[in-house]
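**Student:** Please see the structure below; I have some questions.
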Amino acid sequence: MGTLFVDKLDPQSGTSLEIGSSGDTVSVNTGATTNLAGNVTLGASGKTITVPSGCTITNNGTQTGFGGTNTPILWAYQGSAQNVSPNTDTIITFNQTFLNTGGTFDASNYRWTPGTAGYYQFNISVFGRMCSDSGSTFTDITLQRNGSSTDGGRVRLRPSTDTNQSISFSGIVYSSASHYFDVMLYHQNGSTQATDNNNDLTFWQMYKIIT
Numbered sequence: 010m011g012t013l014f015v016d017k018l019d020p021q022s023g024t025s026l027e028i029g030s031s032g033d034t035v036s037v038n039t040g041a042t043t044n045l046a047g048n049v050t051l052g053a054s055g056k057t058i059t060v061p062s063g064c065t066i067t068n069n070g071t072q073t074g075f076g077g078t079n080t081p082i083l084w085a086y087q088g089s090a091q092n093v094s095p096n097t098d099t100i101i102t103f104n105q106t107f108l109n110t111g112g113t114f115d116a117s118n119y120r121w122t123p124g125t126a127g128y129y130q131f132n133i134s135v136f137g138r139m140c141s142d143s144g145s146t147f148t149d150i151t152l153q154r155n156g157s158s159t160d161g162g163r164v165r166l167r168p169s170t171d172t173n174q175s176i177s178f179s180g181i182v183y184s185s186a187s188h189y190f191d192v193m194l195y196h197q198n199g200s201t202q203a204t205d206n207n208n209d210l211t212f213w214q215m216y217k218i219i220t
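In structure tokens:
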């Protein structure tokens with residue numbers, strides 16, 4: 010094996026410089042440093058780039074196209090106030106969205122289907138006069154998955170003072186590719202009560218966690 014000492018390699022005018030041929034292996038000595046200051050394309054369609062165990066990739070710039078994304082994502086709200094009867098499980102009419110990327114939102118039945126398996130963060134808030142001020146009644150809000158309560162997906166409020174309150178809670182829930190979600194409300198205040206559809210107070214947010 011011979012050694013070629015050069016300071017610069019240039020292709021012929023109007024051509025590209027290619028190193029190696031099909032079946033060859035081109036190696037850079039482990040003690041050498043390679044500086045690639047221009048645009049670099051690694052690999053081709055269908056090829057695999059392998060980073061050996063023990064190596065570290067350090068990113069001080071901006072990454073795109075890898076590293077995971079927080080989609081599917083939903084941010085829903087109510088287009089109008091909703092009258093909710095007491096002592097009845099009622100689906101909250103989230104029928105408008107600020108954001109719905111990667112999932113399927115059905116405004117007719119107030120369901121969201123993420124369509125991608127994974128763990129999801131959810132944030133839910135509902136404002137209204139749903140409890141008496143005696144402490145003897147309560148309100149439940151439940152994130153349902155396929156029509157049933159999810160683990161960690163329910164909050165209960167039993168106030169003893171002001172009954173105009175936001176009921177808010179957050180959590181993490183698993184979704185398969187086919188699960189759908191909706192939000193249910195149950196209250197014990199003695200008569201029909203209305204939600205406040207101010208989208209700062211009543212909303213449903215949900216997005217995939219990068220794991």
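Residue numbers for the sequence shown follow the working numbering, beginning at 10 and rising by one.
Glycine residues also receive a C-beta, built at the ideal position from the N, C-alpha and C atoms.
Please classify P61 as buried or exposed, where buried requires at least 16 other C-beta atoms within 10 Å of its C-beta.
**Tutor:** With fewer than 16 Cβ atoms within 10 Å of its Cβ, P61 is classed as exposed.
**Student:** Are the Cβ atoms of T151 and M193 separated by less than 7 Å?
**Tutor:** Yes, they are a contact pair.
**Student:** For the region 148-215, list the beta strand (DSSP E) runs that are entirely contained and at least 3 residues long, ordered along the chain.
**Tutor:** Runs found: 148-154, 157-166, 173-184 and 190-196.
**Student:** Keeping to the same chain, check which residues put their C-beta closer than 7 Å to that of N96; ignore five residues upstream and five downstream.
**Tutor:** The answer, listed in chain order, is Q197.
**Student:** Just the Cα atoms here: how many angstroms apart are L18 and A41?
**Tutor:** When rounded, the distance between both Cα atoms is 18 Å.
**Student:** Of the residues K217, T80 and A90, which one's Cα is nearest the Cα of Y129?
**Tutor:** Comparing Cα-Cα distances from Y129 to each of K217, T80 and A90, the minimum goes to K217.
**Student:** Short check: CB of A186 to CB of G137, under 7 Å?
**Tutor:** Taking 7 Å as the Cβ cut-off, A186 and G137 do not qualify as a contacting pair.
**Student:** Which whole-angstrom value describes the C-beta separation of V182 and G162, a residue pair presumed to lie in contact below a C-beta threshold of 8 Å?
**Tutor:** About 6 Å; that satisfies the 8 Å criterion.
**Student:** For T71, is the classification buried or exposed, using 16 other Cβ atoms within 10 angstroms of its Cβ as the cut-off for buried?
**Tutor:** Label assigned to T71: exposed.
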